[in-house]
Amino acid sequence: MNRHGAQLVAGLRSAGLVVHPILVGDGEALKSLGRIIPIYARLARSGLERGEAVIAFGGGSVGDTAGFVAATYLRGVPLVQIPSTLLAQVDSAIGGKTGVNLPQGKNLVGAIWQPRLVVCDTSLLATLPPRQIASGLAEVVKYGCIARPDLLERTERRLSRLLGRPSHIAATLVADCVSIKAKIVSHDERESDLRRILNFGHTWGHALERTAGPTTLTHGEAVALGMLVALELSVRREKLTRREADEVGALLKRIFPRLTFPDIPYAKLEGFLARDKKVARGLQVWILLRRLGAPVVRDGVPRDAIHEAVLVAAERWACT
Ligand SMILES: NC(=O)c1ccc[n+]([C@@H]2O[C@H](COP(=O)([O-])OP(=O)(O)OC[C@H]3O[C@@H](n4cnc5c(N)ncnc54)[C@H](O)[C@@H]3O)[C@@H](O)[C@H]2O)c1
Ligand SMILES: [Zn+2]
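Heads up: the sequence shown runs through residues 8 to 327, numbered per the working numbering.
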């Protein structure tokens, strides 16, 4: 990454390592087959051999792309992840999912390729803009909902410090999220029901992200809106209480005070939903909550119920 990359390269070289830096840019535009071909060419020109590592240094977009390059170049070379955004430190750098987008959908081409090493240096977050901090906090809220409700209260308590001075993000908050994800993935690497719970908020979130485009919504903002819909569905179809749902809704509202559902026709969003990877036997898979910390995987949620939950969530939490 441009900002901190020189320091990383200098550090690695002073440790005696041979480093060939490749500046790749970032954002969703990077995650495409077209953008990885020149990266393969640079690896070939630098003579990278099978035992030598690719280091992914940047946010989740760099991690997903460089991870996929590592998974496929020479049928796989070792991968090191050094995530530089909160979202990447708590989520995307862990678990081995790598991949790029197609025009037809997000992350449709990819591989599971576990990193040999993940280095989360929270001091990198000092330069992260507040919008990106908020985006990462959406995934922290996700872990709170699916596994550790105490994370919700801890995030709530520290919120103004977290948003105001990103360097105050406690390494323990990142470490707790990493350990939740690592535990889930180590039991279920290839996404049967257990790993699927990590998609809480992502069914609707991915559809929004793809239709609105990355300049309108960050990944975390889309997931926050997706969680509001999933929470509403959980109140209506599972046993989640209104109080529990409101607790999370209010926290998301504090993290994203101005977040609104983008003005996209419902039919268009549904089309994206149908092509999402979270489709099994033609049915969309939703992660709902029986209570905070108790997720369930559901695949028969009727479209009317989804539509209604979107309208109610928008009215309650995310309208101007
Ligand atoms: N593989 C997985 O399991 C997984 C999980 C969650 C999300 N993702 C993917 O991650 C991607 C989103 O990742 P992201 O939110 O990190 O976005 P990103 O990689 O686009 O980075 C966001 C912005 O932060 C900037 N940035 C990065 N580090 C910085 C730093 N230390 N200081 C200042 N600016 C910095 C970048 O230049 C960029 O503008 C999405 O493509 C999503 O699909 C993957
Ligand atoms: Zn996510």
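Note that the Cβ used here is the ideal one computed from N, Cα and C, for glycine as well. The structure presented is a predicted model; accordingly, all values stated were derived computationally and were not measured.
Please determine whether the Cβ atom of residue i lies at a distance below 7 angstroms from any heavy atom of ligand 2.
i: D98; result: yes
i: E35; result: no
i: E146; result: yes
i: R181; result: Note that residue 181 is Val in the sequence shown, not Arg. No, since every heavy atom of ligand 2 falls outside the 7 angstroms radius drawn around the Cβ of V181.
i: S230; result: Here the sequence assigns Val to residue 230, which means Ser is not the residue at that position. True, at least one ligand heavy atom lies under 7 angstroms from that Cβ.
i: H209; result: yes
i: H226; result: yes
What does DSSP give as the partner residues of residue i in its beta bridges?
i: N108; result: S39
i: R217; result: The partner list for R217 (beta bridge, DSSP) is empty, contrary to what the question assumes.
i: R305; result: W293
i: L86; result: V61
i: A189; result: Paired residue(s): none; A189 is not in a bridge.
i: V125; result: Q88
Identify, in the order they occur along the chain, each residue of the same chain with its Cβ nearer than 7 angstroms to the Cβ of residue i, setting aside the five sequence neighbours on each side.
i: H11; result: S91 and L131
With C-beta atoms as the reference, is residue i less than 8 angstroms away from residue j?
i: I153; j: F207; result: yes
i: L235; j: L247; result: no
i: V308; j: L240; result: yes
i: R217; j: F279; result: yes
i: V148; j: T162; result: yes
i: V107; j: L40; result: yes
Can you find a heavy atom of ligand 1 that lies under 7 angstroms from the Cβ of residue i?
i: R10; result: yes
i: G65; result: yes
i: V69; result: yes
i: A312; result: no
i: S91; result: yes
Leaving out five residues on either side along the sequence, give the residues of the same chain with a beta carbon under 8 angstroms from the beta carbon of residue i.
i: Y273; result: H314 and V317
i: L201; result: I191, H194 and D195
i: R298; result: K246, L247, T248 and E251
i: V292; result: R203, N206, T210, K285, V286, V304, R305 and D306
Within a Cβ cutoff of 6 angstroms, which residues of the same chain sit near residue i, ignoring the five residues on either side of it in sequence?
i: A100; result: G70, Q88, P90 and V125
i: T225; result: S142
i: Q139; result: T92
i: A321; result: F268
i: A229; result: G212, L215 and E216
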